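Numbering (this note's numbering), first residue to last: 1340 to 1534.
Ideal Cβ positions, reconstructed from N, Cα and C, are used throughout, including at glycine.
No experiment lies behind these values; they were computed from the predicted model shown.
Here is the structure we will look at, set down as structure tokens.
Now the structure itself:
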């Protein structure tokens, strides 16, 4: 009979952690679908600033690693923090459906402790070293159930990549009906090394 009170305490603690930590999710995409087979590894770092309708301003930083696995997949991980008081970690997966010379399309999945999202990464090559990209996504995360980023990637030589991204985020993790006050904007810059 003493097991029931113990299980109730564990359940309350688990639910408290669930709702307190739900906000842990990277605040930017930063990974356009341009990781090629001739340089299949990437390590990158990025930082963001965000603002919402309530006047809240926040910042976030993330570090990621991605690697091509076979011809159609890439896997990786990310560490991020700043928007909340905790540091989060997550898993990244991507299917590279179309890889043309000037157009890329895929399917993304990312998940971590108490967050998950799926996206549709798209990239258009503007010049030899410039890509425009987006990765519209939906997910269970407090920093935007729906996210629409737009970014530019600049390849500086064969290995070094710079990026700039802006995004609109809508909704929160409560799964309640979203209102205009739940719209937020994020801007950020990133740098990555590929080999």
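Excluding residues up to 5 positions away in sequence, 1403, 1404, 1428, 1429, 1430, 1431 lie with their Cβ nearer than 8 angstroms to the Cβ of residue 1416 in the same chain.
With a cut-off of 8 angstroms on Cβ pairs, the segment 1471–1487 is in contact with the segment 1450–1461, counting three or more such pairs. Taking 7 angstroms as the cut-off, the beta carbon of residue 1434 is found closer than this to the beta carbon of residue 1446. Taking C-beta atoms as the reference points, residue 1524 and residue 1390 count as a pair closer than 7 angstroms. For secondary structure counted as the beta strand (DSSP E) over 3 or more consecutive residues, the segment 1452–1495 holds these complete runs in sequence order: 1454–1458, 1461–1466, 1469–1473, 1476–1479, 1485–1495.
Beta bridge pairing from DSSP links residue 1447 with 1433, 1458.
Taking every protein chain shown into account, the CB of residue 1395 has fewer than 16 other CB atoms within 10 angstroms, so this residue is exposed. Taking each of 1439, 1365, 1366, 1420 in turn and checking the Cα distance to residue 1375, the smallest one comes out for 1439. Sequence-distant Cβ neighbours of residue 1412 in its own chain, meaning closer than 8 angstroms and more than five residues away, are 1432, 1433, 1434, 1435. Distance between residue 1365 and residue 1444, taken at the CA atoms: about 21 angstroms.
Measuring C-alpha to C-alpha distances from residue 1508 to each of 1451, 1493, 1487, 1410 identifies 1487 as the nearest. Annotation for residue 1533: 1378, 1381, 1498 place their beta carbon closer than 6 angstroms to its own, counting only its chain and skipping 5 residues before and after. Counting every other CB atom within 10 Å of its CB across the protein chains shown gives residue 1467 a total below 16, marking it as exposed. Residue 1483 counts as buried, since no fewer than 16 other beta carbons sit within 10 angstroms of its beta carbon.
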